[in-house]
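Visitor: Have a look at this one before I ask anything.
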Amino acid sequence: MQIEWKTAPMPEWQADALIFFAFEKPCGYLPALKQFLGSSGKWLADSAALIDFAGKPGEVAVVYAPGGGPTPRIILAGLGPIERFETERLKFASALALRKCGDLGVARPAIPLSALEGFPGANESLAIGPLTLGALLRETLVGAMAGLHQFQELKSNNSAAAKTPESLALLWPEPPESTILEIVALARCEVAGITLARELTISPANRVTPSFLVKTASELAGRFGFKIEIIDLDTARSMGLGAFAAVASGSAEPPFFIILEHAPPGTENDPALVMIGKGITFDSGGISLKPRDKMEEMKQDMAGAAAVMGAFEAIGAAGLPGRVAAIMPCTENMPGGKAYKPGDVFRTYSGRTVEIISTDAEGRLVLCDALAYAAKRFKPSLMVDIATLTGAAIVALGKEVAAILGNREDLVASIQRIGASVGERFWPLPLWDFYFEGLKSEVADMKNTSDRGAGTIHAAMFLKQFVPDQVPWAHLDIAGTAWTDKDTGFSRKGATGFGVRTLFELARNNKCR
Ligand code: BES
Ligand code: MN
Ligand code: ZN
-16 MQIEWKTAPM
-6 PEWQADALIF
4 FAFEKPCGYL
14 PALKQFLGSS
24 GKWLADSAAL
34 IDFAGKPGEV
44 AVVYAPGGGP
54 TPRIILAGLG
64 PIERFETERL
74 KFASALALRK
84 CGDLGVARPA
94 IPLSALEGFP
104 GANESLAIGP
114 LTLGALLRET
124 LVGAMAGLHQ
134 FQELKSNNSA
144 AAKTPESLAL
154 LWPEPPESTI
164 LEIVALARCE
174 VAGITLAREL
184 TISPANRVTP
194 SFLVKTASEL
204 AGRFGFKIEI
214 IDLDTARSMG
224 LGAFAAVASG
234 SAEPPFFIIL
244 EHAPPGTEND
254 PALVMIGKGI
264 TFDSGGISLK
274 PRDKMEEMKQ
284 DMAGAAAVMG
294 AFEAIGAAGL
304 PGRVAAIMPC
314 TENMPGGKAY
324 KPGDVFRTYS
334 GRTVEIISTD
344 AEGRLVLCDA
354 LAYAAKRFKP
364 SLMVDIATLT
374 GAAIVALGKE
384 VAAILGNRED
394 LVASIQRIGA
404 SVGERFWPLP
414 LWDFYFEGLK
424 SEVADMKNTS
434 DRGAGTIHAA
444 MFLKQFVPDQ
454 VPWAHLDIAG
464 TAWTDKDTGF
474 SRKGATGFGV
484 RTLFELARNN
494 KCR
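Taking the working numbering, I'd label the letters of the sequence shown as residues -16 to 496.
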């Protein structure tokens, strides 16, 4: 769907459908809708449809203008009570309004930019920040575009696919200012990233193999000029990436340790922001085999790597100024004849040895080598890993909130804030030193699981052992949020693309070097 500009005053608006947002009654209408009701939209003011529309979250009403005219349909999308407004509400309302257009076969809907005026706390400034017009426009566009996304590639007959409008016009009485055009571009970058992450994650494991992720990374590198390095199994072994190699040993599919780097001229030697994504393209559990129920969903176990790829798509498209590096350890976790086994001990890249208790705790193994390698190679200003790491994160926080843990409280708080600003919720869990007690091993420096509960914390505590104290580090456990069992309006059933926006936002804040 294209985003277009139409410079026209209200009486000259023309669109297959005109979209307005409204708060829940009795608060009701924003200034643009009020103005419309008082001028070209008098017919709507007299309509019972307006009385019936309550403005509840998720509510979308289509009202038809008598005799058609230049705006034959008005679409009203509810934002819920004004006192509880969050930009996320606007994202959902916009997504549902555009989906409604798709369902009706409306080709060219429009949103008046003035429909984003009068929000609580919003002001005239177009600067990006909480509740400015720019921030509201960004949520509107991200919601509109990402809400329409549907993975169609493997359907031989896509007649059942939801339809998508051809273009969405933004109406404004004057030519758009450059700040507004920048926001449109920004939203496009984000949506491209979210889309890539969703498609990689929802794609089956016989398609998205580690080799496929290599192709994806190479394609990104070619398009945006990223440096790329691919480490195969033999090289990984010779480099000492022993934990990564152990996980890969049961699989017939070749594993790859993928490194991408965005270093605009002059930043090559700057400390890098490093993003590390878990890339288990299928997690069978290995010898500690998972139960059969829903095992197919373990194709999502590379959602961390997918979020990093998505963030890099957005970073490249936006041409961000700072140095950002990515490491994606990619392999299947399979129970082949050469598979690693419970009781085995491996030397990790850091030099420390790990006793395997469960081969199903494979994510922390591939990540521990990636963290140690990143710390040594990039002198990171900040290291963030993102992973579908523990089912315990779902037990603790559910499917809508990701766990965040790290070695700096202020860093955790600031990522939490950044996430909230783009509709991605993170909640902290503690990482007190005593949690290491549960990871002590009789035969090695540590074991890979604990039997003392707090699964998400023990996984993070394991990772912490591989992060030098002087490196600021945060761990994002997206086991609950990467996948949705229901259509949320913004995301259809399956992969959500969770994490892309937070990582991209971190990279945008990283411009000061
Ligand atoms: N990939 C899983 C975690 C997961 C669970 C992701 C549900 C998405 C949805 C991870 O590798 C795993 O198997 N974790 C184990 C850890 C346990 C063996 C300590 C788990 O959560 O049960
Ligand atoms: Mn596992
Ligand atoms: Zn896993």
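Glycine residues also receive a C-beta, built at the ideal position from the N, C-alpha and C atoms. Owing to the predicted nature of the structure, the values given are computational and were not obtained by experimental measurement.
Under a three-way DSSP split, which group does LEU303 fall into?
Guide: The residue given as residue 303 occupies position 320 in the sequence shown. Of the three classes helix, strand and coil, the one that applies to LEU303 here is coil, per DSSP.
Visitor: Judging by CA-CA distance, which residue of ARG56, MET311, SER186 and ALA403 is the nearest neighbour of ALA200?
Guide: For the purposes of this step, residue 200 is taken as residue 217 along the sequence shown, with counting starting at 1. It is MET311.
Visitor: Hey, GLY438 and ILE377: beta-carbon distance below 7 Å or not?
Guide: Locating residue 438 in the sequence shown gives position 455, counting from the first residue. Locating residue 377 in the sequence shown gives position 394, counting from the first residue. In this structure, ILE377 does not lie closer than 7 Å to GLY438 by Cβ.
Visitor: Among the residues of its own chain, which have a CB less than 8 Å from the CB of LEU87, if the five just before and after it don't count?
Guide: For the purposes of this step, residue 87 is taken as residue 104 along the sequence shown, with counting starting at 1. For LEU87, where only same-chain residues beyond five positions count, the Cβ hits under 8 Å are ALA0, VAL45 and ARG56.
Visitor: Could you tell me the boundaries of the beta strand (DSSP E) in which ILE34 lies?
Guide: The count along the sequence shown starts at 1 and reaches residue 34 at position 51. Where ILE34 is concerned, there is no enclosing beta strand (DSSP E), although the alpha helix (DSSP H) it sits in stretches over 31 to 35.
Visitor: Can you pull the DSSP bridge partners for CYS313?
Guide: Position 330 of the sequence shown, counted from the first residue, corresponds to residue 313. PHE239 and GLY262, per the DSSP bridge assignment.
Visitor: By Cβ distance below 8 Å, which residues in the same chain neighbour GLU(-5) in space, the five residues on each side in sequence not counted?
Guide: Stepping through the sequence shown from its first residue, residue -5 is reached at position 12. The answer, listed in chain order, is PRO53.
Visitor: Less than 6 Å separating the Cβ of ASP327 from some heavy atom of the ligand MN?
Guide: Numbered from 1 along the sequence shown, position 344 holds the residue referred to as residue 327. Not so, every heavy atom of the ligand MN lies at least 6 Å from the Cβ.
Visitor: Mind checking whether PHE265 and MET281 have CB atoms under 7 Å apart?
Guide: Residue mapping note: residue 265 aligns to position 282 of the sequence shown, counting from 1. Residue mapping note: residue 281 aligns to position 298 of the sequence shown, counting from 1. Result yes, Cβ atoms of PHE265 and MET281 sit closer than 7 Å.
Visitor: Rounded to a whole number of angstroms, what is the C-alpha to C-alpha distance between ILE34 and ARG72?
Guide: Here residue 34 refers to the residue found at position 51 when the sequence shown is read from its first residue. Here residue 72 refers to the residue found at position 89 when the sequence shown is read from its first residue. Those two C-alpha atoms are separated by around 22 Å.
Visitor: Where do the N-terminal and C-terminal ends of the alpha helix (DSSP H) with MET222 fall, by residue?
Guide: Translated into positions along the sequence shown, residue 222 becomes position 239. 216 to 222 is the span of the alpha helix (DSSP H), which, as asked, contains MET222.
Visitor: Which same chain residues end up closer than 7 Å to PHE487 when comparing Cβ atoms and leaving out the 5 residues on each side of it in sequence?
Guide: Stepping through the sequence shown from its first residue, residue 487 is reached at position 504. Closer than 7 Å at Cβ, skipping near neighbours: GLU173, GLY176, ALA294, ALA297 and ILE298.
Visitor: Within the present structure, is the beta-carbon of ILE263 separated from the nearest heavy atom of the ligand ZN by less than 6 Å?
Guide: Your numbering for residue 263 matches position 280 in the sequence shown. Answer for ILE263: yes, Cβ within range of the ligand ZN.
Visitor: Where ALA440 and THR331 are concerned, what is the direct C-alpha to C-alpha distance, given to the nearest angstrom?
Guide: Residue numbering aside, residue 440 sits at position 457 when the sequence shown is read from its first letter. Residue numbering aside, residue 331 sits at position 348 when the sequence shown is read from its first letter. The sequence given here places Ile at residue 440; Ala does not occur at that position. Roughly 20 Å between the two C-alpha positions.
Visitor: Ordered along the chain, which non-local residues of its own chain (more than five positions away) have a Cβ less than 8 Å from that of GLU100?
Guide: In the sequence shown, counting from the first residue as 1, residue 100 sits at position 117. So the qualifying residues of the chain are LEU13, PRO14, ALA15 and LEU116.
Visitor: What three-state label does DSSP hand ILE111 in the structure shown?
Guide: Within the sequence shown, numbered from 1, the residue matching residue 111 stands at position 128. Its pLDDT being 47, under 50, ILE111 is placed unreliably by the model, and the measurement read from it follows with that caveat. DSSP places ILE111 in coil when its eight states are reduced to three.
Visitor: Assuming ALA465 and PHE481 form a contact by the criterion Cβ under 8 Å, report the distance between their Cβ atoms to the nearest whole angstrom.
Guide: The sequence position of residue 465 within the sequence shown is 482, counting from 1. The sequence position of residue 481 within the sequence shown is 498, counting from 1. Right, the Cβ-Cβ distance comes to about 5 Å (below 8 Å), so this counts as a contact.
Visitor: Since MET278 is in the alpha helix (DSSP H), which residue starts that stretch and which ends it?
Guide: In the sequence shown, residue 278 corresponds to position 295, counting from 1. Taken as a continuous stretch (DSSP letters only), MET278 belongs to no alpha helix (DSSP H), as it is neither H nor E.
Visitor: For ASP428, I'd like the list of residues in its chain whose CB is within less than 6 Å of its CB, leaving aside the five on either flank, ordered along the chain.
Guide: Along the sequence shown, read from residue 1 onward, the residue named residue 428 stands at position 445. The residues are ARG335 and THR336.
Visitor: Output the boundary residues of the beta strand (DSSP E) element that contains HIS458.
Guide: Translated into positions along the sequence shown, residue 458 becomes position 475. Start and end: 456 to 460.
Visitor: Could you check how far apart the C-beta atoms of GLY38 and ALA5 are, in whole angstroms? I think they sit under 8 Å.
Guide: Taking the sequence shown and counting its residues from 1, the one referred to as residue 38 is at position 55. Taking the sequence shown and counting its residues from 1, the one referred to as residue 5 is at position 22. The pair is a contact, with the Cβ atoms about 4 Å apart (cut-off 8 Å).
Visitor: Answer yes or no: the CB of ASP460 versus the heavy atoms of the ligand ZN, is any distance below 6 Å?
Guide: Looking up residue 460 in the sequence shown gives position 477. No, the beta carbon of ASP460 sits no closer than 6 Å to any heavy atom of the ligand ZN.
Visitor: Taking 6 Å as the cut-off, does the CB of ASP368 come closer than this to any heavy atom belonging to the ligand MN?
Guide: Numbered from its first residue, the sequence shown carries residue 368 at position 385. Incorrect: ASP368 has no Cβ contact closer than 6 Å to the ligand MN.
Visitor: According to DSSP, which residues form a beta bridge with PHE295?
Guide: On the sequence shown, position 312 is the one that residue 295 refers to. Answer is none; PHE295 lacks a bridge partner.
Visitor: How would you call PRO148, buried or exposed, if buried means at least 16 neighbouring beta carbons within 10 angstroms?
Guide: As a working mapping, residue 148 is identified with position 165 in the sequence shown. Its Cβ being crowded by 16 or more others within 10 Å, PRO148 is buried.
Visitor: Collect the residues with a C-beta less than 5 Å away from any heavy atom of the ligand BES and give them in sequence order along the chain.
Guide: The set, ordered by position in the chain, is ASP266, ASP284, SER341, ASP343, ALA344, GLY346, THR371, THR373, GLY374, THR432 and ALA462.
Visitor: Only counting the same chain, and skipping five residues up and downstream in sequence, which positions put a Cβ closer than 6 Å to that of VAL349?
Guide: By one-based count along the sequence shown, residue 349 stands at place 366. So the list reads PHE227, VAL230 and PRO312, once near-sequence residues are dropped.
Visitor: According to DSSP, what are the bridge partners of MET366?
Guide: Residue 366 sits at position 383 when you count from the first residue of the sequence shown. In the DSSP output, where bridge partners are listed per residue, MET366 has VAL257 and TRP456.
Visitor: The alpha helix (DSSP H) with PHE440 in it runs from where to where?
Guide: On the sequence shown, residue 440 is found 457 positions in, with the first residue counted as 1. The sequence shown places Ile at residue 440, not Phe. It spans 438 to 447 - the alpha helix (DSSP H) in which ILE440 sits, taken as one unbroken run.
Visitor: So for ARG91, helix, strand or coil by DSSP?
Guide: Residue numbering aside, residue 91 sits at position 108 when the sequence shown is read from its first letter. In this structure, ARG91 counts as coil in the three-state DSSP scheme.
Visitor: In three-state DSSP terms, what is ILE340?
Guide: In the sequence shown, residue 340 corresponds to position 357, counting from 1. It is coil, neither helix nor strand.
Visitor: Could you tell me the distance, in whole angstroms, from the CA atom of LEU131 to the CA atom of PHE473?
Guide: Within the sequence shown, the letter at position 148 stands for residue 131. Within the sequence shown, the letter at position 490 stands for residue 473. Spanning the two alpha carbons is a distance of roughly 8 Å.
Visitor: For ALA90, tell me which candidate among ARG475, GLU383, PRO411 and ALA(-2) has the shortest Cα-Cα distance.
Guide: Numbered from 1 along the sequence shown, position 107 holds the residue referred to as residue 90. Here the closest residue by C-alpha is ALA(-2).
Visitor: If you run the structure through DSSP and keep just helix, strand and coil, what is MET429?
Guide: The residue labelled residue 429 in the question sits at position 446 within the sequence shown. Residue state, collapsed to three classes: strand.
Visitor: Taking DSSP as the reference, what is the three-state secondary structure of THR485?
Guide: By one-based count along the sequence shown, residue 485 stands at place 502. Helix, per DSSP.
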